[in-house]
Amino acid sequence: MRVLHWFRKGLRLHDNPALLASLKPLAAGPDGSATTVELLFVFILDPSLPDHIDIGFRRCKFLLECLQSLDHSLSKLNPEFRLLTLRGRPEEVLPKACRAWGVEHVTYEEDTDAYGRSRDAAVRDLLAQSHISVSVHSGHTLWALDWLRSKYVPPPTRTAVEGSGVSVSQALGIPLTYQSFCALTRRVAPQGPARPLPSFAEYSGQGIVSSPGLESLVGSFVDLRCSLGAPASVDDMDIGPICYSRGSKKLFCDTGSNCGSIGSSEVLS
Numbered sequence: 000m001r002v003l004h005w006f007r008k009g010l011r012l013h014d015n016p017a018l019l020a021s022l023k024p025l026a027a028g029p030d031g032s033a034t035t036v037e038l039l040f041v042f043i044l045d046p047s048l049p050d051h052i053d054i055g056f057r058r059c060k061f062l063l064e065c066l067q068s069l070d071h072s073l074s075k076l077n078p079e080f081r082l083l084t085l086r087g088r089p090e091e092v093l094p095k096a097c098r099a100w101g102v103e104h105v106t107y108e109e110d111t112d113a114y115g116r117s118r119d120a121a122v123r124d125l126l127a128q129s130h131i132s133v134s135v136h137s138g139h140t141l142w143a144l145d146w147l148r149s150k151y152v153p154p155p156t157r158t159a160v161e162g163s164g165v166s167v168s169q170a171l172g173i174p175l176t177y178q179s180f181c182a183l184t185r186r187v188a189p190q191g192p193a194r195p196l197p198s199f200a201e202y203s204g205q206g207i208v209s210s211p212g213l214e215s216l217v218g219s220f221v222d223l224r225c226s227l228g229a230p231a232s233v234d235d236m237d238i239g240p241i242c243y244s245r246g247s248k249k250l251f252c253d254t255g256s257n258c259g260s261i262g263s264s265e266v267l268s
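Its first residue numbered 0, the sequence shown is counted upward by one per residue in numbering that gives the first Met the number 0.
So this is what it looks like as C-alpha cells:
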C-alpha cells in the first residue's frame, strides 16, 4: 500500500501523530498479516501563502533550513526516504501527485487557521473523488480544538451580545479568559496533555516499511511536471529553491540570478 504523508507545520520525526498514522495500514492486511507500506514524504511550497500570513526573509530562511534538516533526518533512517517538495497550490498539485504516484492513503496534521481549514477541505474533496482515503490528526496544539470546544459549557455572564439575550461566551462557544480556559482543561483532561509520542525513527526500520525511491518515480515526476505546465526535467533532485513575493515586492529568494515566477509549478525533491 502506498501512503503519502504531507508535512506542513510539524517538520519533525518525533512526537508527530500524523506521521505515525502513516504506519497504521500495517495492520490492515486482509489475512491479518502486516501490510507492506511504501511511504512518500511531501512538503508543498504554496506561492499564495504570503496572501494569507505574514512571511518575511528570516521566516522563509528558517523554513528552508527546516526542510533541509528534515530531508537529512529521513535519509539517515533510510537512504530511500527523501522529502519530495512540490511547488503550487496544494489543492491543485497534491491530488495530481497522488494520482501520478498511485497513492492510496494520505495523512497530515490538522491545521487550525481559517485558510488552512478551507484549503484542507478542498484537498479532501478532491482526493475523495479519486478514491484516496485521508486521515487527519491533531498535533499542532496540546488538545484538538474542536474536541475542546465541544466540551465547553459557557457559564452565566453579565456580558451579553446586543439584542440576542445570550452571553458572549455562549455565542462564541469558547472561553473568553485564560482562567476559564484553564478551568475547562482541568475538567476535561485532569491528567494533563497527552505524553509525547515515540519517534517515527523507532518504527521505520521494521522492514515492512519501505519507500519507492526516487528512481522509480522519475517517470511520474516528468509526467506530473508536464501536467502542471512546468518543464519536463528532473535534473535537479534537491530541495529548493524558495522564492516568495507579495505583489512586486520580493520577500525571500534563494534562487540566485535565475529567479522565475513563483507561480510556476515545479516538482523537486
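Glycine included, C-beta positions come from ideal geometry on N, C-alpha and C.
| Query | Result |
| --- | --- |
| Counting C-beta neighbours from all protein chains within 10 Å, is the total for Asp-235 16 or more, i.e. buried, or is it exposed? | Because Asp-235 carries a pLDDT of 38, less than 50, the predicted location of this residue cannot be relied on, and the following value inherits that uncertainty. Exposed, because fewer than 16 other Cβ atoms sit within 10 Å of the Cβ of Asp-235. |
| Output the boundary residues of the alpha helix (DSSP H) element that contains Phe-199. | Note, Phe-199: premise wrong, no alpha helix (DSSP H); not H, not E. |
| Going by DSSP, what residues sit across from Tyr-107 in a beta bridge? | Trp-5 and Val-135 |
| Near Leu-3, what residues of its chain come up, given a Cβ to Cβ distance below 7 Å and the 5 sequence neighbours on each side ignored? | Leu-39, Val-41, Cys-97, Val-102 and Val-105 |
| From Ala-99 to Pro-46, what does the alpha carbon distance come to, in whole angstroms? | 22 Å |
| Let me know if Arg-224 comes out buried or exposed under the rule of 16 or more other beta-carbons within 10 Å of its beta-carbon. | In this prediction, Arg-224 has a pLDDT of 48, which is less than 50 and means its spatial position is unreliable; nothing more can be read from the coordinates. |
| Does the stretch 112 to 132 come within contact of the stretch 57 to 75, defined as at least 3 CB pairs closer than 8 Å? | no |
| Could you give the first and the last residue of the continuous alpha helix (DSSP H) run that contains Phe-56? | 56 to 76 |
| What's the gap between the Cα of Ser-198 and the Cα of Arg-1? | 21 Å |
| Among the residues of its own chain, which have a CB less than 7 Å from the CB of Glu-91, if the five just before and after it don't count? | none |
| Whether or not the stretch 78 to 85 and the stretch 53 to 62 are in contact is what I'm after, with contact meaning three or more pairs of Cβ atoms, one per stretch, closer than 8 Å; do they touch? | no |
| In three-state DSSP terms, what is Glu-79? | coil |
| Among Asp-119, Leu-144, Ala-127 and His-13, which residue has its Cα nearest to the Cα of Arg-194? | His-13 |
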